[in-house]
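See below for the structure under consideration.
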Amino acid sequence: MKKILIIIPAYNEELNIEKTINKVIKYNKKSKYNIDYIVINDGSTDNTLHVLQEHNYNYINIINNLGIGGAVQTGYKYAYYNNYDIAIQFDGDGQHDEKYIDKLIDEINKGYDFVIGSRFVSKLSKFRSSSIRRIGIKLLSYIIKICTGFKISDPTSGFRAANKKIIELFANNYPLEYPEPETNALIIKKGYKLTEIPVEMHSREYGKSSINLKKSIYYMISVSLSIIIATINREVE
Amino acid sequence: MNLTLKIFLVIFLLIITIILLNTIKRKNISMKYVTVWIFTLILLFIFALFPSILITVSNFFGFEATSNMVFLIGYFMLFYVVFNQSIELSKLKKEIVKLIQELSIMKKDEKDGKKR
Numbered sequence: 001m002k003k004i005l006i007i008i009p010a011y012n013e014e015l016n017i018e019k020t021i022n023k024v025i026k027y028n029k030k031s032k033y034n035i036d037y038i039v040i041n042d043g044s045t046d047n048t049l050h051v052l053q054e055h056n057y058n059y060i061n062i063i064n065n066l067g068i069g070g071a072v073q074t075g076y077k078y079a080y081y082n083n084y085d086i087a088i089q090f091d092g093d094g095q096h097d098e099k100y101i102d103k104l105i106d107e108i109n110k111g112y113d114f115v116i117g118s119r120f121v122s123k124l125s126k127f128r129s130s131s132i133r134r135i136g137i138k139l140l141s142y143i144i145k146i147c148t149g150f151k152i153s154d155p156t157s158g159f160r161a162a163n164k165k166i167i168e169l170f171a172n173n174y175p176l177e178y179p180e181p182e183t184n185a186l187i188i189k190k191g192y193k194l195t196e197i198p199v200e201m202h203s204r205e206y207g208k209s210s211i212n213l214k215k216s217i218y219y220m221i222s223v224s225l226s227i228i229i230a231t232i233n234r235e236v237e
Numbered sequence: 238m239n240l241t242l243k244i245f246l247v248i249f250l251l252i253i254t255i256i257l258l259n260t261i262k263r264k265n266i267s268m269k270y271v272t273v274w275i276f277t278l279i280l281l282f283i284f285a286l287f288p289s290i291l292i293t294v295s296n297f298f299g300f301e302a303t304s305n306m307v308f309l310i311g312y313f314m315l316f317y318v319v320f321n322q323s324i325e326l327s328k329l330k331k332e333i334v335k336l337i338q339e340l341s342i343m344k345k346d347e348k349d350g351k352k353r
């Protein structure tokens with residue numbers, strides 16, 4: 001039986017986290033796989049830790065806020081140290097739909113190294129982000145296509161599954177800021193097999209997204225640069 | 238060079254030297270950086286006392302005014318220092334993140350009564 005871990009990063013998610021974890025726990029009962037989960041509390045300043053302790057959930061409390069990249073990497077390190085075969089990133093804010101977890105795992109079992117849950121592969125997801133963000137996502141998708149020759153329709157998706165090889169790669173090396181597009185490009189460049197499956201996402205119930213609109217231009221420039229650098233670096237190696 | 242200016246510069250450099258020595262005494266600076274700063278200070282003392290060296294060099298390279306050369310060198314040095322600090326900071330950040338991650342995982346293992 002394969003060991004499967006859901007990594008749930010959470011930063012100030014006191015209102016969402018309980019619901020998200022319960023969804024995963026409930027899902028595990030009907031899933032054909034046996035799924036563990038770990039919540040990564042990224043030094044939240046609200047009551048997230050208290051909620052986790054109160055319900056005795058399985059969690060790692062990061063002693064100081066690291067940002068999304070550092071938090072998710074902590075999850076991958078935990079997966080690596082505990083010999084997990086598959087790790088799945090699942091946001092703590094309720095945006096991701098747990099009913100696609102099995103489908104992600106199925107693709108890994110088919111032999112893919114890395115699977116991205118995409119909002120844009122088909123018309124499945126009604127929530128597809130604001131139009132400005134969609135343009136940004138398209139642009140990033142285009143840059144990745146130029147740099148790697150491979151099309152990823154949803155490069156910013158944080159709903160992703162990784163096999164053992166990728167878990168090890170991420171445990172040792174994961175960007176701190178805006179990690180998704182860069183790691184996707186890196187995985188293709190390194191020659192791993194990557195695929196996308198359609199998933200549904202929802203708008204978050206409480207709180208704001210970690211990327212605010214004011215910073216989006218800066219975000220676009222840094223992410224584009226990070227993709228280009230990640231793919232060039234590979235050629236130098 | 239005007240004598241008043243010369244005296245002013247030397248006093249200024251002496252104050253900086255005292256500050257540097259004090260910092261070293263309190264061990265607030267690592268020896269790796271001390272060498273560079275002491276070396277820079279000695280050079281500045283020499284130039285303040287014997288500005289003719291700088292004037293000769295700047296004439297040789299064709300600067301219109303010696304001050305231009307001094308500022309240019311100053312800019313380059315500052316650029317070098319700041320750039321190196323960026324690298325150093327990134328390295329430190331990486332190390333700190335690693336420490337925080339490992340410590341947090343260790344605390345989790347400890348809570349679970351697990352040994353690695």
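From first to last, the protein sequence lines stand for chains V and W.
Quick note on numbering: the first sequence equals residues 1 to 237 in this note's numbering.
Quick note on numbering: the second sequence equals residues 238 to 353 in this note's numbering.
All residues carry an ideal CB built from backbone N, CA and C; glycine is no exception.
Here the structure is a predicted model, which means the values were calculated and not measured.
Residues of chain V whose Cβ lies closer than 7 angstroms to the Cβ of residue 337 of chain W are, in chain order, 62, 63, 64 and 66.
Unbroken alpha helix (DSSP H) stretches of 4 residues or longer found wholly inside the region 265-320 of chain W: 268-286 and 289-298, given in chain order. Among the residues of the region 167-201 of chain V, those with a Cβ less than 8 angstroms away from any Cβ of chain W are 176, in the order of the chain. Rounded to the nearest angstrom, the gap between the Cα atoms of residue 252 of chain W and residue 279 of chain W is 13 angstroms.
Chain order gives the chain W residues near residue 78 of chain V as 342, where near means a beta carbon separation below 7 angstroms.
About 13 angstroms separates the CB atoms of residue 9 of chain V and residue 94 of chain V; that is not less than 8 angstroms, and the two are not in contact.
Listed in chain order, the positions of the region 37-52 of chain V with a beta carbon within less than 7 angstroms of a beta carbon of chain W would be empty, since no residue qualifies. Residues of the region 314-338 of chain W with a C-beta less than 7 angstroms from any C-beta of chain V: 334, 337 and 338, listed in chain order.
Leaving aside the five residues that flank residue 216 of chain V on each side, the residues in its chain whose CB is nearer than 8 angstroms to its CB run, in chain order, 132, 133 and 136. Apart from sequence neighbours up to five positions away, the residues of its chain that approach residue 104 of chain V with a beta-carbon distance below 7 angstroms are 88, 115, 117, 161 and 197, ordered along the chain. For residue 327 of chain W and residue 320 of chain W, the gap between their C-alpha atoms comes out near 11 angstroms. In this structure, DSSP gives residue 50 of chain V a helical state, which the three-state scheme calls helix. Of V:67, V:25, V:92 and V:41, the smallest CA-CA separation from residue 17 of chain V is found for V:92. When rounded, the separation of the alpha-carbon atoms in residue 248 of chain W and residue 296 of chain W is 27 angstroms. Between residue 85 of chain V and residue 214 of chain V, the gap from beta carbon to beta carbon reaches 8 angstroms or more. Around the CB of residue 113 of chain V, 16 or more other CB atoms lie within 10 Å, so the residue is classed as buried. Within the DSSP secondary-structure output, residue 118 of chain V pairs in a beta bridge with V:198. In the assembly as shown, residue 183 of chain V is a buried residue. Its beta-carbon has 16 or more other beta-carbons within 10 Å. By the CB criterion at 8 angstroms, residue 303 of chain W and residue 292 of chain W fall inside the cutoff.
The three-state secondary structure of residue 338 of chain W, taken from DSSP, is helix. Taken through DSSP and simplified to helix, strand or coil, residue 155 of chain V comes out as coil. Taking 8 angstroms as the CB threshold, residue 70 of chain V lines the interface with chain W. Closest by C-alpha distance to residue 181 of chain V, out of V:227, V:193 and V:167, is V:227.
The region 153-173 of chain V and the region 43-61 of chain V do not touch, with fewer than three beta-carbon pairs separated by less than 8 angstroms. DSSP, reduced to helix, strand and coil, places residue 76 of chain V within a helical segment of the structure shown. From the listed residues W:317, W:334, W:274 and W:315, the smallest Cα separation to residue 258 of chain W is found for W:274. Proximity of residue 74 of chain V to chain W, defined by a Cβ-Cβ separation below 8 angstroms, is satisfied.
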